[in-house]
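What follows is a set of notes on a single structure, which appears directly below.
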Ligand SMILES: [Zn+2]
């Protein structure tokens with residue numbers, strides 16, 4: 680499954696580009712947007728078949744028969760988690776095209792953290808517990824981690840195009856109308872905060888990403904995901920010698936012979 684994510688500022692012609700993708704293979708495409716009446720409107724505009732245009736809330740009804748999924752204003756979907764979980768299970772899908780402005784600025788450290796955790800195959804709950812090993816967190820952080828985890832934006836195989844910049848005339852005036860963060864998100868296309876990452880934050884990501892080097896090619900007896908050596912430098916002097924192993928997905932712990 681190929682995944683393209685075009686993150687673009689407001690009024691940059693996103694919906695027009697999304698409809699162009701639809702027009703290439705109307706029968707094999709599922710066009711998903713955030714509101715039912717907007718889906719109908721777009722369907723009429725291109726003389727489409729209503730079965731190919733839905734609001735994100737109807738994702739559960741559409742599981743087979745589409746090669747191309749087009750998501751319009753994805754970051755504003757109220758049920759991103761449901762959409763994510765359903766789409767990754769759709770076996771016929773060849774390519775996903777996502778067009779959206781960001782809904783807000785995400786903390787850059789959280790974004791990197793979640794991305795690393797997903798890349799090494801940690802489940803959502805394992806990601807949360809990794810995070811709490813390094814930092815305490817509030818409900819708000821947990822919400823942000825959840826929102827980032829069940830989001831194509833943090834998939835390791837996403838092909839991200841966030842280079843689109845609009846010409847910025849009337850800057851002062853717009854900042855006054857929109858407030859600074861909204862101006863940065865909607866006009867400058869800045870969806871991550873640009874605060875520097877602390878040394879502690881940096882080290883926590885490196886620690887987690889080093890798990891990747893410890894993956895050992897053995898399937899978890901519980902869930903089938905790849906296990907890693909949780910204490911790779913330690914060999915237990917049993918007969919035969921053993922190493923401690925762990926599953927990042929379900930939390931299984933045990934030993935393997937070396
Ligand atoms: Zn497991």
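In this note's numbering, the protein residues as written are 680 to 937.
Cβ coordinates follow ideal geometry from the N, Cα and C atoms, glycine included.
Other residues of its chain near residue i: CB distance less than 7 Å, five sequence neighbours each side excluded
i, result
"residue 914", "920, 922 and 937"
"residue 741", "709 and 733"
"residue 793", "806, 824, 827, 828 and 833"
Enclosing alpha helix (DSSP H) for residue i [first to last residue]
i, result
"residue 701", "693 to 703"
"residue 899", "Run containing residue 899: none; DSSP gives neither H nor E here."
"residue 804", "803 to 813"
"residue 915", "Taken as a continuous stretch (DSSP letters only), residue 915 belongs to no alpha helix (DSSP H), as it is neither H nor E."
Limits of the beta strand (DSSP E) - the one that residue i falls within
i, result
"residue 684", "681 to 686"
"residue 776", "774 to 779"
"residue 820", "It is not in any beta strand (DSSP E) - residue 820 instead sits in the alpha helix (DSSP H) that spans 818 to 828."
"residue 710", "708 to 712"
Neighbourhood of residue i by C-beta distance below 6 Å, restricted to the same chain and skipping five residues each side
i, result
"residue 683", "776 and 838"
"residue 763", "829"
"residue 680", "772"
"residue 927", "800, 801 and 805"
Same chain, Cβ closer than 8 Å to residue i, five either side skipped, listed in chain order
i, result
"residue 821", "807"
"residue 929", "802, 899, 901, 902 and 904"
heavy atom of ligand 1 below 7 Å from residue i C-beta
i, result
"residue 901", "yes"
"residue 928", "yes"
"residue 931", "yes"
"residue 904", "yes"
Beta-carbon proximity check, residue i vs residue j, cutoff 8 Å
i, j, result
"residue 787", "residue 833", "no"
"residue 725", "residue 689", "no"
"residue 809", "residue 887", "yes"
"residue 685", "residue 713", "no"
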